[in-house]
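*Asks:* Have a look at this one.
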C-alpha cells in the first residue's frame, strides 16, 4: 500500500489507589480491565474509521506510581514473538496471561494492528550477578498484535526515567516488524533522546514509521511533547506515531501523527481530563514519496557566512539547568549571531511589529545537558522571554503577541542530528508554515 | 499573511558521539 490510516489515542489512565503493599492479581487485573474497556471502545472506533494500526500510550493500563513490589501483580510473562503465538486463540500456552489474551482478541476481532504498553516479568536465578532479589527481571514493554491477534513485536524500554519498578535490559533492543503498509520500528518515551535504538532503527534498519507510546511530561521552552516529537520526525525524515498519556496535573498531554514534511494531526489539551483519538492517512514509505525531504547539511549555511556583529550586551541565562549565551532582539528587524564554544547561531528576522511588552532573545548552548550530564546537546534557539526582565529569559512562556514576517535560523552544528522546532503562542505547532533548507536554515515559508 | 505569534524557534542538536556513557540505560533522577 502507498498510504495507510494511522491512529493514536491519548488516554487519561484510570490510576490504581496508592498502596504500600502489592494488591492481589485479581485486583490488578480489575484495574487493567477498566482501562482496556476504554481502549476497546477506541480501537473499535478506529477500526470502523479504516485505521490499519493504533498506538496506545505508555503505562496506559496501570499508570506509573509503583515500587518493584507493588507493580508485580500487574506483570505477565511475555514470550519472544518468535514463538508465533496468538494469545486470543491459545490463552494458556504461556501460563496466566489474561491481559495479553484480551489485547490479542481486540486486534483480531477488529482486524487492526494494536500497540500496547504492559509489564513483562522474566524469572532469573538470584545468584546470578544482575538478578533482582525477587528472582524476576521486570520490564516496561511494548507489544504489537497483528490483525489475526498474533504477537508480532515485543520491545523492552531501555532508557528508563525514574522508573524504579522496572529493570534496564542488558542492551538496547532493535525491534522492527514488516507489514503491507511499510516497515515499523518501536521504542518508548525517553528512548527518543538517545541514539540506540531510536536513530539506529532509522539509519540502519530503514524503518518507514516509528510507533512511540509515551508518558511525556511537557517542559517548555524546548521539550514539550508536540514540539519535540514533530521536530524529531522532521529531522529523522520518518513517520512518528505518538500516543501520550493524558494527565493535566503532571503536564502530560501532547499526541500526534507526524510525517517528515509536517505534522498530519496533533492534540494538546491542558483544559480537560478527556482522552482523544487522532486518525490520519500517512505515506507507507515516506522515503519514496515525492518530494522526500533531502538530507540536510545542518552547518553548511552557518559556516559559509561571516558571523553577524556580536552585540556587546550578550548575557547568560538558564534553560532548565543549562547555561545559555543570549543576545536580545533589540530592533524589529536585524541579523544576529551568538556563540558558545564551537557553536555559533545566526538569526535574520523581521517582526511585523515590535511589541514593547515583549522581549525575544537568540540563545546558544553546547555541552552535556542538565544535572545528569549524559546527553550532549547543541541548541540554537530564538525564544520569547517570560517577561521584559532579561533574567526571565529561558523560563517557560505560553503566550506571545509578536508575529514575524521573516525568520532564518542556522548554526555551526558539529552533529548531523538536528531537530527543527517551531512553537507558536498557546502551545501550537505551525504545520506547513516553515521549512528547512538543505544548507541547514530553518526559514518561514509564507 | 504572517504566521501566528512565535514562542520559540529552535534547532535542537543531539551530538550522540559526545554523550557521556556513565549511566547505562536507567536514569535515576529527573532531568
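Protein chains in written order, with my numbering: chain A, 10 to 455; chain B, 55 to 85.
Heads up, the beta-carbon is just placed ideally off N, CA and C, and yes, glycines get one too.
Please read all numbers here as calculations on a predicted model, not as lab measurements.
Where does residue 46 of chain A sit, in a helix, a strand or coil, going by DSSP?
*Replies:* Against the first chain, residue 46 of chain A aligns to sequence position 37. Correct three-state label for residue 46 of chain A: helix.
*Asks:* Helix, strand or coil, according to DSSP, for residue 201 of chain A in the structure here?
*Replies:* The residue labelled residue 201 of chain A in the question sits at position 192 within the first chain. Of the three classes helix, strand and coil, the one that applies to residue 201 of chain A here is helix, per DSSP.
*Asks:* What residue from A/391, A/148 and A/293 has the CA that sits closest to residue 67 of chain A's CA?
*Replies:* Here residue 67 of chain A refers to the residue found at position 58 of the first chain. Answer by Cα proximity: A/148.
*Asks:* Less than 8 Å between the CB atoms is what I'm expecting for residue 234 of chain A and residue 263 of chain A, so what's the real figure, rounded?
*Replies:* For the purposes of this step, residue 234 of chain A is identified with residue 225 of the first chain, where counting begins at 1. For the purposes of this step, residue 263 of chain A is identified with residue 254 of the first chain, where counting begins at 1. Contact flag correct, Cβ pair sits at about 3 Å.
*Asks:* Among all the DSSP beta bridges, which residues are the ones paired with residue 459 of chain A?
*Replies:* Lying outside 10 to 455, the shown extent of chain A, residue 459 of chain A is not represented and no answer is given.
*Asks:* Say whether chain B places a C-beta atom closer than 9 Å to the C-beta of residue 73 of chain A.
*Replies:* Working through the first chain from its first residue, we reach residue 73 of chain A at position 64. Chain B contact via Cβ: absent.
*Asks:* Quick one: which chain B residues come within Cβ less than 9 Å of residue 420 of chain A?
*Replies:* Position 411 of the first chain, counting from 1, holds the residue named residue 420 of chain A. By Cβ distance, chain B contributes 65 and 67.
*Asks:* Give the single residue among A/150, A/136 and A/139 whose Cα lies nearest to the Cα of residue 69 of chain A.
*Replies:* As a position in the first chain, residue 69 of chain A is number 60, starting the count at 1. If we check each option's Cα against that of residue 69 of chain A, A/150 comes out closest.
*Asks:* What three-state label does DSSP hand residue 170 of chain A in the structure shown?
*Replies:* In the first chain, the residue the question calls residue 170 of chain A occupies position 161. Coil.
*Asks:* Closer than 7 Å, Cβ to Cβ, to anything on chain B: give me those residues from the segment 93 to 117 of chain A, in chain order.
*Replies:* Those would be none; no residue qualifies.
*Asks:* Exposed or buried, which one is residue 332 of chain A when buried takes at least 16 other CB atoms within 10 Å?
*Replies:* By one-based count along the first chain, residue 332 of chain A stands at place 323. Residue 332 of chain A comes out exposed.
*Asks:* Excluding sequence positions up to five away, which residues of its chain have a Cβ less than 7 Å from the Cβ of residue 60 of chain A?
*Replies:* Your numbering for residue 60 of chain A matches position 51 in the first chain. So the qualifying residues of the chain are 14, 15, 16, 121 and 288.
*Asks:* Please confirm if residue 302 of chain A has its CB atom under 9 Å from at least one CB of chain B.
*Replies:* Translated into the one-based positions of the first chain, residue 302 of chain A becomes position 293. It does not; no Cβ of chain B falls within 9 Å.
*Asks:* Decide if the segment 42 to 55 of chain A is in contact with the segment 243 to 250 of chain A; the criterion is three or more beta carbon pairs, one per stretch, under 8 Å apart.
*Replies:* Flag = no, the segment 42 to 55 of chain A and the segment 243 to 250 of chain A do not touch.
*Asks:* Quick check on DSSP: helix, strand or coil for residue 384 of chain A?
*Replies:* Position 375 of the first chain, counted from the start, is the residue given in the question as residue 384 of chain A. Looking at residue 384 of chain A - three-state DSSP - the assignment turns out to be coil, as it is neither helix nor strand.
*Asks:* Alpha carbon to alpha carbon, how far is residue 39 of chain A from residue 46 of chain A? Give it in angstroms, no decimals.
*Replies:* If you number the first chain from 1, residue 46 of chain A lands on position 37. If you number the first chain from 1, residue 39 of chain A lands on position 30. Distance between the alpha carbons of residue 46 of chain A and residue 39 of chain A is about 10 Å.
*Asks:* Go ahead and label residue 308 of chain A buried or exposed: buried means 16 or more other beta carbons lie within 10 angstroms of its beta carbon, across all protein chains shown.
*Replies:* Sequence index remark: in the first chain, residue 308 of chain A carries index 299 (1-based). Buried.
*Asks:* So which residues on chain B does residue 332 of chain A lean against when the C-beta distance must stay under 9 Å?
*Replies:* Position 323 of the first chain, counted from the start, is the residue given in the question as residue 332 of chain A. Going along chain B, no residue has its Cβ under 9 Å from residue 332 of chain A, so there is no contact; the nearest lies around 15 Å.
*Asks:* Does the beta carbon of residue 230 of chain A come closer than 9 Å to any beta carbon on chain B?
*Replies:* Within the first chain, residue 230 of chain A is the residue found at index 221, counting from 1. Interface residue, yes.
*Asks:* For the beta strand (DSSP E) holding residue 102 of chain A, just list the boundary residues, first then last.
*Replies:* Along the first chain, read from residue 1 onward, the residue named residue 102 of chain A stands at position 93. Taken as a continuous stretch (DSSP letters only), residue 102 of chain A belongs to no beta strand (DSSP E), as it is neither H nor E.
*Asks:* In chain B, which residues lie with their C-beta within 9 Å of the C-beta of residue 393 of chain A?
*Replies:* Locating residue 393 of chain A in the first chain gives position 384, where the first residue counts as 1. Those are 59, 60, 61 and 62, listed as they occur along chain B.
*Asks:* Starting from residue 237 of chain A, trace the alpha helix (DSSP H) in both directions and tell me its first and last residue.
*Replies:* Start at 1 with the first residue of the first chain, and residue 237 of chain A comes out as number 228. Where residue 237 of chain A is concerned, the enclosing alpha helix (DSSP H) stretches over 234 to 245.
*Asks:* Starting from the C-beta of residue 155 of chain A, find all residues in its chain whose C-beta is less than 7 Å away, skip the five residues before and the five after it, and write them out in chain order.
*Replies:* Locating residue 155 of chain A in the first chain gives position 146, counting from the first residue. Cβ neighbours of residue 155 of chain A beyond the five flanking positions: 116, 122 and 161.
*Asks:* How is residue 224 of chain A classed by DSSP in three states: helix, strand or coil?
*Replies:* Taking the first residue of the first chain as position 1, residue 224 of chain A is located at position 215. Coil, per DSSP.
*Asks:* So, is the C-beta of residue 383 of chain A closer than 9 Å to a C-beta in chain B?
*Replies:* Residue mapping note: residue 383 of chain A aligns to position 374 of the first chain, counting from 1. Yes, residue 383 of chain A counts as interfacial toward chain B.
*Asks:* Identify the contact partners of residue 426 of chain A in chain B, using a Cβ-Cβ distance below 8 Å as the criterion.
*Replies:* For the purposes of this step, residue 426 of chain A is taken as the residue at position 417 of the first chain. Correct list: 67, 68, 69 and 70.
*Asks:* Does the beta carbon of residue 289 of chain A come closer than 9 Å to any beta carbon on chain B?
*Replies:* Reading the first chain from its first residue, position 280 is the one you call residue 289 of chain A. By this cut-off, residue 289 of chain A is not an interface position.
*Asks:* Starting from the C-beta of residue 186 of chain A, find all residues in its chain whose C-beta is less than 7 Å away, skip the five residues before and the five after it, and write them out in chain order.
*Replies:* The sequence position of residue 186 of chain A within the first chain is 177, counting from 1. Closer than 7 Å at the Cβ level, and outside the excluded window around residue 186 of chain A, lie 153, 161, 162 and 193.
*Asks:* Tell me where the beta strand (DSSP E) around residue 132 of chain A begins and ends.
*Replies:* By 1-based counting over the first chain, the position of residue 132 of chain A is 123. Its beta strand (DSSP E) spans residues 122 to 132.
*Asks:* If you count every other CB in all the chains shown that lies within 10 Å of the CB of residue 281 of chain A, and 16 or more means buried, which is it?
*Replies:* Translated into positions along the first chain, residue 281 of chain A becomes position 272. Result: exposed.
*Asks:* Looking only at its chain, what residues have a beta carbon closer than 6 Å to the beta carbon of residue 414 of chain A, apart from the 5 residues adjacent to it on each side?
*Replies:* Along the first chain, one-based indexing puts residue 414 of chain A at 405. Closer than 6 Å at the Cβ level, and outside the excluded window around residue 414 of chain A, lie 359 and 361.
*Asks:* Taking the alpha helix (DSSP H) that residue 114 of chain A belongs to, which residues open and close that run?
*Replies:* Here the question's residue 114 of chain A lines up with position 105 in the first chain. Looking at the DSSP string, the run of the alpha helix (DSSP H) that includes residue 114 of chain A is 107 to 119.
*Asks:* Which residues of chain B have a Cβ atom closer than 8 Å to the Cβ of residue 412 of chain A, listed in chain order?
*Replies:* Position 403 of the first chain, counted from the start, is the residue given in the question as residue 412 of chain A. 56, 57, 58, 59 and 60, listed in chain order.
*Asks:* Do residue 217 of chain A and residue 125 of chain A have their C-beta atoms closer together than 9 Å?
*Replies:* Here residue 217 of chain A corresponds to residue number 208 of the first chain, with the count starting at 1. Here residue 125 of chain A corresponds to residue number 116 of the first chain, with the count starting at 1. Their beta carbons are not under 9 Å apart, which means residue 217 of chain A does not touch residue 125 of chain A by this criterion.
*Asks:* For residue 91 of chain A, count the other beta carbons within 10 Å of its own beta carbon; 16 or more makes it buried, fewer makes it exposed. Which is it?
*Replies:* Taking the first chain and counting its residues from 1, one reaches residue 91 of chain A at position 82. Answer is exposed; the Cβ neighbour count stays below 16.
*Asks:* DSSP on residue 55 of chain B, reduced to helix/strand/coil?
*Replies:* Taking the second chain and counting its residues from 1, one reaches residue 55 of chain B at position 1. Since pLDDT at residue 55 of chain B reaches only 43, below the 50 mark, its modelled position is unreliable, and no value is offered.
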